[in-house]
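Here is the structure we will look at.
Residue numbers (UniProt numbering): 1 to 352.
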């Protein structure tokens with residue numbers, strides 16, 4: 001039997017395409033041209049150079065792709081390039097913020113700063129720390145979470161599993177309204193109650209205002225997670241004669257617990273940096289107050305505001321404000337990483 005050797009010819013259905021490294025080459029060329037145009041044009045701001053480079057990158061990608069791959073593929077590439085430009089525009093301010101905070105806050109950020117309070121140290125004097133503010137923030141945010149998390153989760157369960165008719169629509173409407181409520185309004189609401197009851201500033205009052213801000217976030221995130229639970233799981237449990245409340249408790253909530261926990265963590269991160277309600281209700285304290293139910297108390301956002309307001313001509317207060325900002329950013333970052341870890345840990349395991 002004879003074997004006929006046939007040479008494989010390349011397919012003619014596939015047109016020319018740019019190499020994989022072409023976006024990097026176009027980006028580098030656009031960056032160089034952006035810098036040159038900025039220098040020649042007398043533009044001192046590097047932001048302007050970056051914007052010029054971004055415009056050149058999008059235009060250059062479209063022109064080169066049109067010449068090599070055709071206009072249809074060029075439109076796809078220009079959409080991809082716009083996504084990358086938008087991503088960089090979002091990342092650059094965030095990176096700049098974190099870098100500036102670390103650069104300025106690291107000067108006094110040490111163990112002494114984290115383990116001492118202001119005490120008898122004046123706002124314009126060197127020394128002192130944020131231990132009292134850390135205690136206040138942990139207690140106020142913790143109490144707000146204990147109030148808002150159960151109410152928010154139960155409200156979301158009602159809306160998804162039981163809510164029908166006018167009451168459910170009213171609850172949904174007020175949750176939407178509360179989502180956009182300014183933090184100062186929540187603080188004024190609690191402050192009015194305190195004035196009617198002739199009460200002095202204390203930490204738990206700030207927790208109540210923070211709980212009001214936290215509740216709609218928990219409701220919305222939990223509601224979306226519960227909606228993602230397949231109805232087949234509910235129907236299978238109900239078909240076996242399991243009561244609805246037990247189905248929710250044993251089937252629905254365990255399935256969505258990862259997303260619910262993530263939503264609660266993100267809500268905690270959202271209220272951790274609120275200053276206005278704390279300024280109205282907690283009032284601030286230079287000494288350590290471990291009792292949130294009696295007396296004025298400190299918190300990190302309020303500490304930052306007070307130190308920065310006293311920083312005119314006082315470098316120690318300025319440094320402490322930035323170091324406290326770095327601590328607050330680290331706290332929020334840890335919460336976000338913890339939320340991601342819990343979500344991945346509790347995510348449904350895919351079958352083989």
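We put the CB at the ideal spot given by N, CA and C, even for glycine.
Remember, predicted model here, so these are calculated numbers, not experimental data.
Please confirm whether residue i and residue j have their CB atoms less than 8 Å apart.
i           : j           : result
residue 296 : residue 282 : yes
residue 265 : residue 211 : no
residue 234 : residue 252 : yes
residue 61  : residue 81  : yes
residue 34  : residue 59  : no
residue 207 : residue 274 : no
residue 226 : residue 160 : yes
residue 131 : residue 288 : yes
residue 284 : residue 306 : yes
residue 171 : residue 165 : no
residue 191 : residue 280 : yes
residue 119 : residue 309 : no
residue 229 : residue 247 : no
residue 329 : residue 98  : yes
Please check the pair residue i and residue j, which I expect to be a contact at CB under 8 Å, by giving their CB distance rounded to whole angstroms.
i           : j           : result
residue 136 : residue 299 : 4 Å
residue 355 : residue 38  : Residue 355 falls outside the range modelled here, since the chain spans only 1 to 352, and no answer is possible.
residue 271 : residue 156 : Rounded, the Cβ-Cβ distance is 18 Å, inconsistent with contact.
residue 218 : residue 168 : At roughly 17 Å, the Cβ-Cβ gap does not stay under 8 Å, so residue 218 and residue 168 are not in contact.
residue 293 : residue 204 : 5 Å
residue 65  : residue 74  : 4 Å
residue 83  : residue 18  : Going by Cβ atoms, the distance from residue 83 to residue 18 rounds to 17 Å, so no, they are not a contact pair.
residue 303 : residue 133 : 4 Å
Keeping to the same chain, check which residues put their C-beta closer than 7 Å to that of residue i; ignore five residues upstream and five downstream.
i           : result
residue 186 : 209, 212, 213, 277
residue 108 : 319, 320, 323
residue 139 : 203, 292
residue 105 : 322, 323, 325, 326
residue 112 : 129
residue 152 : 215, 218, 219, 222
residue 31  : 53
residue 1   : Confidence at residue 1 is low in this model, with a pLDDT of 44, below 50, so the placement of that residue is unreliable and no value is reported for it.
residue 201 : 281, 282, 283, 296
Using DSSP's beta-bridge definition, name the partner residues of residue i.
i           : result
residue 73  : For residue 73, which the question treats as bridged, DSSP gives no partner whatsoever.
residue 173 : Paired residues: none, contrary to the question.
residue 283 : 297
Quick one: residues in its chain with C-beta nearer than 8 Å to the C-beta of residue i, no 5 flanking neighbours on either side, listed in chain order?
i           : result
residue 336 : 265, 266, 269
residue 223 : 156, 159, 160
residue 342 : 258, 261, 262, 265
residue 244 : 161, 238
residue 26  : 57, 60, 61, 64
residue 250 : 237, 242
residue 345 : 258
residue 22  : 64
residue 96  : none
residue 5   : Reliability fails at residue 5, whose pLDDT of 45 lies under 50, so the model's placement of it is uncertain and the value that follows must be treated cautiously. Nothing meets the Cβ criterion.
Can you list, in chain order, the residues of its chain with a C-beta nearer than 6 Å to that of residue i? Leave out the 5 residues immediately preceding and following it.
i           : result
residue 216 : 175, 178, 179
residue 221 : 263
residue 45  : none
residue 195 : none
residue 116 : 129, 131
residue 49  : 34, 35, 38
residue 147 : 211
Inset, instruction - State whether the stretch 119-129 contacts the stretch 87-100, with contact taken as three or more CB pairs (one from each stretch) at a distance under 8 Å. - result: no
Inset, instruction - Would you check if the stretch 110-125 and the stretch 303-316 touch, i.e. whether three or more CB-CB distances between them fall below 8 Å? - result: yes
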